[in-house]
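Asks: My questions will all concern the structure given below.
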Amino acid sequence: KQEVTQIPAALSVPEGENLVLNCSFTDSAIYNLQWFRQDPGKGLTSLLLIQSSQREQTSGRLNASLDKSSGRSTLYIAASQPGDSATYLCAGTSYGKLTFGQGTILTVHP
Amino acid sequence: GAVVSQHPSWVICKSGTSVKIECRSLDFQATTMFWYRQFPKQSLMLMATSNEGSKATYEQGVEKDKFLINHASLTLSTLTVTSAHPEDSSFYICSARDEGESTDTQYFGPGTRLTVL
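Same order as they appear, the protein sequences are chains A and B. Residues -15 to 94 (the numbering used here) are what the first sequence spells out, left to right. Residues 4 to 120 (the numbering used here) are what the second sequence spells out, left to right.
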């Protein structure tokens, strides 16, 4: 059974700082891995999707990497802004099911 | 990207009543849809897998008689919370699976917030 863990649970940084969110998974038979953003009381916004054959994906200030052999993925956010404050969730697709991590609550203060 | 809608976006009901939530894939056909539940400050937990034309598959600990799922067409799945109680108050999110030769991606609806008084 796939288990997904995210570290840290919460992160508070000053505006402008570069930061890394970590995600680890137990089953390397992962089809793809996604990073989502969730604002309070809202649904999920898909940020990046990495297929198992890929090592990284980039979108604007976001870069996500995937290392299946070590069971890890990272989300790198460059030049953070207060508008980046949200909960970030990673989720892996295995055997047709998506398993979510517990999320990292990010606060970027001015 | 593909769009998935949910209706209603929020609902308040009295204890003992039933509530139906709809999930629609607007621009693609989904043989498989998923229902998740999210309690405050927690992550999403898969409740069940909804299969078009067949019975839903429920995760361990989820009561199938309480959470009725119907997937009557390739673009619509419904979740009915029967005899709702305050402990059923939660954020319910659906997703629709887009499967292809080189893709297996779930697209998420905006969620439905259920409050049971």
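Ideal placement from N, C-alpha and C gives every residue a C-beta, glycine not left out.
What does a CB cutoff of less than 6 Å around A:LEU5 pick up in its chain, not counting 5 residues either side in sequence?
Replies: LEU59, TYR72, THR88
Asks: Using the rule of at least 16 other Cβ atoms within 10 Å of the residue's Cβ for burial, across every protein chain shown, is A:PHE84 buried or exposed?
Replies: Counting Cβ neighbours within 10 Å, A:PHE84 comes out buried, since at least 16 surround it.
Asks: Please name the residue in B:LEU71, B:ILE15, B:MET50 whose C-alpha comes closest to that of B:CYS97.
Replies: B:MET50
Asks: Excluding the 5 residues preceding and the 5 following B:ALA99 in the sequence, name in chain order all residues of the same chain whose CB lies nearer than 6 Å to its CB.
Replies: VAL7, SER28, ALA33, MET36, TYR110
Asks: So B:PRO11 packs on B:THR115, CB below 8 Å; how close in whole Å?
Replies: That pair is a contact at about 6 Å.
Asks: Under the rule that 16 or more other beta-carbon atoms within 10 Å means buried, what is A:ARG39, buried or exposed?
Replies: Residue burial annotation: A:ARG39 is exposed, with fewer than 16 other C-beta atoms found within 10 angstroms of its C-beta.
Asks: Give a yes or no on whether 8 Å exceeds the smallest Cβ distance from B:THR108 to chain A.
Replies: Yes, its Cβ sits closer than 8 Å to a Cβ of chain A.
Asks: List the DSSP bridge partners of B:ALA99.
Replies: B:MET36, B:TYR110
Asks: Exposed or buried, B:ARG40, counting other C-beta atoms within 10 Å across all chains shown (16 or more means buried)?
Replies: Around the CB of B:ARG40, 16 or more other CB atoms lie within 10 Å, so the residue is classed as buried.
Asks: Mapping the DSSP letters down to three states, classify B:ASP91 as helix, strand or coil.
Replies: helix
Asks: Given a threshold of 16 other Cβ atoms within 10 Å of its Cβ, counted over all protein chains shown, does A:ASN2 qualify as buried or as exposed?
Replies: exposed
Asks: Taking the alpha carbon of A:TYR15 as the point to measure from, which residue in A:ASP23, A:GLN(-14), A:PRO(-8) has its own alpha carbon closest?
Replies: A:GLN(-14)
Asks: Do A:GLY67 and A:PHE9 have their C-beta atoms closer together than 8 Å?
Replies: no
Asks: Could you run through the segment 38 to 67 of chain B and flag, in chain order, every residue whose CB is less than 7 Å away from some CB of chain A?
Replies: SER46, LEU47, LEU49
Asks: Taking only the alpha-carbon atoms, compute the straight-line gap between B:GLU66 and B:VAL14 and give it to the nearest angstrom.
Replies: 21 Å
Asks: Output yes if chain B places a C-beta closer than 8 Å to the C-beta of A:PHE9; else output no.
Replies: no
Asks: If the cut is a Cβ gap below 8 Å, which residues of chain B does A:ASN16 touch?
Replies: ASP107, THR108
Asks: Considering only the alpha carbon of each residue, which of B:ALA59, B:THR85, B:GLY64 lies closest to B:ASN73?
Replies: B:ALA59
Asks: Express the C-alpha separation of A:CYS7 and A:PRO(-8) in angstroms, rounding to a whole number.
Replies: 9 Å
Asks: Can the beta-carbon of A:ALA75 be found closer than 8 Å to that of A:LEU90?
Replies: no
Asks: Apart from the five residues on each side of it in sequence, which residues of its chain come closer than 6 Å, Cβ to Cβ, to B:PRO113?
Replies: GLN9
Asks: Can you tell which of A:GLY0, A:ALA13, A:GLN18 has its C-alpha closest to the C-alpha of A:GLN(-10)?
Replies: Minimum Cα distance to A:GLN(-10) is reached at A:GLN18.
Asks: Which of the three DSSP states, helix, strand or coil, is assigned to A:PRO(-2)?
Replies: strand
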